[in-house]
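The structure under discussion appears below in the form of structure tokens.
Protein chains in written order, with my numbering: chain G, 23 to 212; chain X, 23 to 212.
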């Protein structure tokens, strides 16, 4: 199972057998059932995850209402970056939307890997640059498009995701009420 | 002038005199008049910037309309990360909203610095983690709040910015029409 992570990292960098062993030992694979909470608001994030299988959502609890801002699927890193790196409480939750198989990297294991293999600084930089690029794109999409356009984009780029998540979670993610989402879907089907 | 950049970096890392010299030589300071275009849609971003003085905005041209998605002020890095790191055309513009003084880092200079001083891999990682944290927060704010709340937040966290930028640019940044922004401002003043 660990090979999925190694396979992913090999897209970015070559790895010696020592490095592969260190990563494999430092990032154990764990299973989480649907509904498991990986991080609660107010907690300091102790782990970053690599999603091998399943779907995890990031949501905020605002005036008693859950607002989903991200869905993580296969081959994505899941990091509450500010909380994880600065050791400060998170303002959001992470929840498994499906049964999940995740690589689990603790803060201590990250420090250990970076210290032992300085090459991983390079790897981290490359992965962070990629992630930052995604976020710049997502923020731009959010500011420059309407919810209906965002739904169409998702339908084109990630149609599978729409089958995997509840409509009420998708609605807040698109920035609309579930009723508006219903209307958008009807318009598109017509 | 270069000392502003060094001063900023020293918050994150200690620097030897060799490193300070290399940074100073690799990141020349340039002045840009208000209205200067630093990057055009369709161009590959050749430079990252450190904002010493002034304000730069990132905008998209969509159906002939400019949609501003970011304002960079003092002590911020300005990077079109995907275009700069992957050498692909950018989909947006960067424009000086005011007369600006910027540290200018070319792609080649970045590669040189990272190669010569492996310690800068660490620095890059730290800076990218911080930037990614900002973007995660901004995206969440966008998804979970209404334009009026975003205006109030800006008024609280960065009131100066509101004096420095034209209202029509601020409006698209908040995701509303200039007319809606007028109404929001009236409501708040009342």
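The beta carbon of each residue, even a glycine, is placed where N, CA and C say it ideally should be.
- Around residue 210(X), no beta-carbon contact reaches into chain G at under 8 Å, the shortest distance being about 20 Å.
- In terms of Cβ geometry, residue 142(X) and residue 136(X) form a close pair [threshold 7 Å].
- Rounded to the nearest whole angstrom, the CA to CA distance from residue 75(X) to residue 144(X) is 26 Å.
- A distance below 7 Å between beta-carbons, with the five flanking residues on each side excluded, links residue 97(G) to the following residues of its chain, in chain order: 30, 73.
- Straight across, the Cα-Cα distance linking residue 65(G) with residue 55(X) is about 46 Å.
- Taking a contact to require three or more Cβ pairs closer than 8 Å, the region 103 to 111 of chain G and the region 30 to 44 of chain G do not qualify as touching.
- Flagged as an interface residue toward chain X: residue 147(G), by a C-beta distance shorter than 7 Å.
- The three-state secondary structure of residue 155(X), taken from DSSP, is helix.
- For residue 35(X), the CB contacts under 8 Å within the same chain, skipping 5 residues up- and downstream, are 141, 144, 145, 148 in chain order.
- Taken through DSSP and simplified to helix, strand or coil, residue 91(G) comes out as strand.
- Counted as a single uninterrupted DSSP element, the beta strand (DSSP E) harbouring residue 123(G) occupies residues 122 to 128.
- Residue range 115 to 118 is occupied by the beta strand (DSSP E) that includes residue 117(G).
- Considering only 58(X), 85(X), 123(X), the residue with the shortest C-alpha distance to residue 27(X) is 123(X).
- Here residue 174(G) really is in contact with residue 210(G); their C-beta atoms are around 7 Å apart, less than 8 Å.
- Annotation for residue 79(X): no alpha helix (DSSP H) segment contains it, though the beta strand (DSSP E) segment containing it runs 78 to 84.
- Relative to residue 71(G), the option among 132(G), 87(G), 161(G), 160(G) whose CA is nearest is 132(G).
- Annotation: residue 52(G) to residue 93(G) spans about 19 Å, alpha carbon to alpha carbon.
- Spanning the alpha carbons of residue 105(X) and residue 183(G) requires a straight line of approximately 27 Å.
- Judged by DSSP in its simplified three-state form, residue 191(X) adopts helix.
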